[in-house]
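First the structure, in the form of structure tokens, and then the observations on it.
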Amino acid sequence: YSNIDQSNEINTLIGRYDITNRMNPTNDNYIINQRINKISEYISENPFEYIEEYSKYLKKLLNEYIKDDLYENIKSKINSLSLCEQIKDFFKKLNQRYRIIVQVYIEQHLDQSIIIASRSLWDNKYDTFIQETVFKKNIFILVIIFFIYKQ
Numbered sequence: 006y007s008n009i010d011q012s013n014e015i016n017t018l019i020g021r022y023d024i025t026n027r028m029n030p031t032n033d034n035y036i037i038n039q040r041i042n043k044i045s046e047y048i049s050e051n052p053f054e055y056i057e058e059y060s061k062y063l064k065k066l067l068n069e070y071i072k073d074d075l076y077e078n079i080k081s082k083i084n085s086l087s088l089c090e091q092i093k094d095f096f097k098k099l100n101q102r103y104r105i106i107v108q109v110y111i112e113q114h115l116d117q118s119i120i121i122a123s124r125s126l127w128d129n130k131y132d133t134f135i136q137e138t139v140f141k142k143n144i145f146i147l148v149i150i151f152f153i154y155k156q
């Protein structure tokens, strides 16, 4: 008895793609099955066409996380982890062929400066990032989200 005798539907994992041997995204639309709402929607394969709306959503989310103006070290660590997961889950629903990398910095704001650098192998045509910053009296949040196309 072998797995070859069984149908491909049984052996295929949910959310897995067949090998397409393509190195870049296509321009046509495809169906993503959203498990939360149990519906299928047509969503463009280009996640960057609504970049302004994504920035507005991100700004709103950051303002909710920073309701109180006081910086607390332990609370900031927990908030940064939960914020990373929430942002990553939101953007993974939009397109599953992009790797989503989220960096969240929650720091005490005492008129200091911060310099952040990152390096990676990058394709300017298909890869991009979003950066959003929110300042309050005693605290600031910096979020950087990288979208990297993967086959």
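Taking the working numbering, the leading residue of the sequence shown gets 6, the next gets one more, and so forth. Ideal placement from N, C-alpha and C gives every residue a C-beta, glycine not left out. Computed from a prediction, not measured in an experiment: that's the story for all the values here.
Exposure of residue i, with buried meaning 16 or more beta-carbon neighbours within 10 Å
i	result
I121	exposed
F140	exposed
N100	buried
S118	exposed
L75	exposed
I41	Per-residue confidence for I41 stands at a pLDDT of 33, beneath the threshold of 50, marking its modelled position as unreliable; the derived number appears in the next sentence. So I41 counts as exposed.
Y55	exposed
L67	buried
S85	buried
L126	exposed
F115	One detail in the question is off: residue 115 reads as Leu in this sequence, not Phe. L115 should be labelled exposed.
I83	exposed
S81	buried
I111	buried
Supposed close pair residue i, residue j - CB separation, criterion 8 Å
i	j	result
F134	I144	Contact flag wrong, Cβ pair sits at about 23 Å.
Y103	D128	Between D128 and Y103 the Cβ distance is about 12 Å, and since that is not below 8 Å, they are no contact.
Continuous alpha helix (DSSP H) stretch holding residue i: start and end
i	result
E58	I56 to Y70
I83	N78 to L99
Near the ligand MN: residue i beta-carbon under 8 Å from a heavy atom
i	result
S60	Absence of the ligand MN is noted for the structure shown, with no ligands found whatsoever.
6 Å CB neighbourhood of residue i in its chain, flanking five on each side removed
i	result
K93	I105 and V107
Q113	Y76
Sequence-distant residues of its chain with Cβ nearer than 7 Å to residue i (five each side left out)
i	result
C89	V107 and V109
I71	V139, K141, I144 and I146
K97	I105
Neighbour flag for residue i against chain D, beta carbons, 9 Å
i	result
F145	Note that chain D does not occur in the displayed structure, where there is just one protein chain.
Endpoints, beta strand (DSSP E) assigned at residue i
i	result
Y154	I144 to Y154
Y103	Y103 to Q113
I119	Unbroken run through I119: none, as it is neither H nor E.
Spatial neighbours of residue i in its chain, beta-carbon cut-off 8 Å, leaving aside the 5 residues before and after
i	result
S60	I135 and E137
Y64	As written in the sequence, residue 64 is Lys, which differs from the Tyr given in the question. Excluding residues within five positions, the ones whose Cβ falls inside 8 Å are E137 and V139.
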